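Q: Below: one structure in structure tokens.
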Amino acid sequence: MISESKYGAVSIALWAKTALISKHLDNSLGAIHGIGLTEYMVLRSLMRAPDHVLRRIDIADALERTASGITRMLMPMEKIGLVQKELNERDARVSLVRITRAGEELFENASATLNAKSETLLKNVDGKKLDVFLDLLGAI
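Under the working numbering, the residues of the sequence shown are numbered 331 to 470, in order.
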């Protein structure tokens, strides 16, 4: 028998539930809006950024991804007009990414889908417990 500490059990349970939630959200966003959860998170990061612009490395850090992985992800997003590259006037080596108006609209629509699907997934958890859960996640 494998021995797990409470910490190990929590980590494994979080991993399993995160995979389940990610799968459901990814499927919903893909079927309705044509983007996956990771692309949604890129748009979310840009929407929260000052002037809706971030360096690629900042997006990678925010999403716990590699810079090269973000670059590969941004190419199709740029091709379909969700984001655009911008030159950094201070440093030409730094690549900036800005969300486009089409990207903003898609993000708003996808947010409604994400919120509705999340409510369905978490329907068995009352509001007070959700607040506690968010606090606990913030402590990690």
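Positions of the beta carbon are idealized from the N, C-alpha and C atoms, including for glycine.
A quick note: this is a predicted structure, and the numbers were derived from the prediction, not measured.
Under the three-state reduction of DSSP, which class applies to Lys-415: helix, strand or coil?
A: Lys-415: strand per DSSP, three-state reduction.
Q: What is the C-beta distance between Leu-404 and Val-413, in whole angstroms, given that I count them as a contact (C-beta under 8 Å)?
A: Going by Cβ atoms, the distance from Leu-404 to Val-413 rounds to 6 Å, so yes, they are a contact pair.
Q: Hey, out of Ala-392, Leu-464 and Leu-436, whose CA is closest to Gly-364's CA?
A: Of Ala-392, Leu-464 and Leu-436, the residue nearest in Cα terms is Leu-436.
Q: Please classify Ala-469 as buried or exposed, where buried requires at least 16 neighbouring CB atoms within 10 angstroms.
A: Ala-469 is exposed by the Cβ-count criterion.
Q: Can at least three beta-carbon pairs, one atom from the segment 352-372 and one from the segment 435-451, be found at a separation below 8 Å?
A: Short answer: they touch.
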